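Numbering (this note's numbering), first residue to last: 35 to 360. Even glycine gets a Cβ: it sits at the ideal position worked out from N, Cα and C. Keep in mind that this is a model prediction, so the values were computed, not measured.
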Amino acid sequence: MTSSTTQSATRRIDVSAVREFGEVLLTSPARLCFIVEAKYENDVMPGAVVDVLRSCGHHVDVLRPNGSVADLWDLLPTDVARYDAFVLKTVSSGPGLSLLEAAAAAGVTTINDHRAIRLARDKAVAAVRARKAGIPFPKTWFASKSGLLDQIPPTSYPLVVKPNNGSALRDVYRVDSPAELARLDIDDSGSLLAQPYLPNPGYDVKLYNTGDEVFATVKRSPLHPGADVVEEQIPVTPELRSLARAVGRVFGLDIYGIDVVETADGWVVLDVNDFPSFGNVPRAAYRLARTVLRVTRRQAAAKESARASAPTVYRSVLAPVVEARA
Ligand SMILES: Nc1ncnc2c1ncn2[C@@H]1O[C@H](COP(=O)(O)OP(=O)(O)OP(=O)(O)O)[C@@H](O)[C@H]1O
Ligand SMILES: [Mg+2]
């Protein structure tokens with residue numbers, strides 16, 4: 035591509051990881067393009083996944099939408115497709131999703147699926163999607179500006195108020211009363227969500243799905259900064275695993291994380307994130323590289339079989355219509 039295609043320093047191969055994940059990693063070379071937003075340029079993810087893929091012989095370009103102009107025609111598959119798949123770790127309101135959706139519009143595989151990212155990234159959409167599918171999720175109100183929040187019944191307090199497109203714990207408030215709401219200076223630059231505050235032990239459990247496995251980590255809640263919490267990996271119970279997998283199915287995500295809290299009524303999902311940081315997940319980069327290749331191949335096979343079955347569809351469905359009109 036005309037945009038930046040830097041080759042990051044390839045790290046040393048972890049031989050035992052290659053042995054564990056090699057069956058997929060060491061298959062015929064794939065051509066991939068990672069879209070990396072400025073915020074993640076110096077982060078472990080997704081750079082570590084790029085390194086693993088390159089070290090296993092795959093061709094990976096990195097497109098940096100914040101640093102270079104992107105030639106959109108380069109996204110189009112020509113006779114020989116330039117890329118087998120595009121991969122994005124999204125940032126709220128970042129430019130990467132437009133490029134990923136442009137690649138999808140050209141028929142190229144995207145990871146995660148671009149529609150799944152849309153569902154997860156807009157918290158209002160995610161709330162309704164989860165609720166409709168029976169995923170436990172707090173009641174949620176949407177307000178285009180903070181001045182409307184006083185229409186929420188006082189009986190619903192305490193509330194949590196947060197930006198609709200929030201991430202990284204930005205501007206999340208617990209509000210205990212209408213009087214406190216009136217005193218708050220809430221950033222009105224974007225739409226807001228409000229939910230009843232769900233009493234919980236003071237920590238979140240972050241469930242990460244690398245595509246093949248679910249991992250769980252305890253994390254202090256920003257609403258309980260003083261809580262005595264040991265942030266560490268914990269075992270994944272069957273209940274948490276099936277909750278995480280249900281969210282993946284409902285949203286159509288392959289690589290994702292969810293924030294859950296334990297309440298008196300059981301585990302409740304508060305947030306769905308496509309491609310999170312996977313902090314504390316052992317060998318996360320290898321696991322994610324394997325998923326990227328698996329999804330790429332799965333999609334290629336699905337496209338191939340759709341192509342192969344097109345004439346049959348034509349014969350059985352379209353041909354009688356065409357004949358009847360003749
Ligand atoms: N309804 C709620 N009841 C209790 N705690 C909540 C509620 N909503 C949010 N929180 C707390 O606030 C945290 C941040 O909320 P949320 O995940 O929705 O925002 P965020 O900005 O997307 O965070 P991040 O992207 O960093 O995970 C949650 O992880 C949880 O600890
Ligand atoms: Mg969150």
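| Query | Result |
| --- | --- |
| Cβ pair count under 8 Å reaching 3, the stretch 160-174 against the stretch 143-152 | no |
| Contact between the stretch 292-302 and the stretch 257-268 (3+ Cβ pairs under 8 Å) | no |
| Bridge partner(s) assigned by DSSP for Y237 | R254 |
| Whether S178 touches R155 by CB criterion (8 Å) | no |
| Any heavy atom of ligand 2 nearer than 5 Å to the CB - residues listed | D293, D305 |
| Coil, strand or helix - L287 by DSSP | coil |
| Secondary structure of H148, DSSP reduced to three states | helix |
| Contact test: Y231 Cβ vs ligand 1 heavy atom, cutoff 7 Å | yes |
| Cβ shell of T124 (< 7 Å), same chain only, five flanking positions each side left out | G130, L131, I151, R155, D308, F309 |
| Touching by the beta-carbon criterion (3+ pairs, under 8 Å), the stretch 207-224 and the stretch 174-193 | yes |
| CB contact flag (G224, P256, <8 Å) | no |
| Simplified DSSP state of S38, which is helix, strand or coil | With a pLDDT of only 42 at S38, under the threshold of 50, the placement of this residue in the model should not be trusted; the figure read from the coordinates follows. Note: S38 maps to coil in three-state DSSP. |
| Residue from A158, S50, L110 whose Cα sits closest to the Cα of P135 | For the sequence presented, residue 135 should be read as Glu rather than Pro. Comparing Cα positions, the closest option is L110. |
| Coarse secondary structure for Y74, derived from DSSP in three states | helix |
| 7 Å CB neighbourhood of A137 in its chain, flanking five on each side removed | L109, F120, T144 |
| First through last residue of the alpha helix (DSSP H) which encompasses K10 | The structure shown does not extend to residue 10, since the chain is modelled only from 35 through 360, so no value can be given for it. |
| G91, buried or exposed, once every other Cβ within 10 Å from all chains shown has been counted against 16 | exposed |
| Rounded distance between the beta-carbons of V315 and T271, thought under 8 Å | At roughly 17 Å, the Cβ-Cβ gap does not stay under 8 Å, so T271 and V315 are not in contact. |
| K196 beta carbon near ligand 1 (any heavy atom closer than 7 Å) | yes |
| Cβ distance (whole Å) where A319 is taken to contact V83 below 8 Å | 5 Å |
| Residues bridged to I268 (per DSSP) | A250 |
| Cα-Cα separation, D221 to V206 | 11 Å |
| Alpha-carbon to alpha-carbon, I289 and L373 | Not covered by the structure: residue 373. The range shown for the chain is 35 to 360. |
| Length at least 4, wholly inside the stretch 171-223: the alpha helix (DSSP H) runs in chain order | 212-217 |
| Buried or exposed by the 16-neighbour rule on C-beta atoms within 10 Å, applied to A344 | exposed |
| Residue interval of the alpha helix (DSSP H) (run including F55) | 49-59 |
| For G141 and D105, the rounded distance between their alpha carbons | 17 Å |
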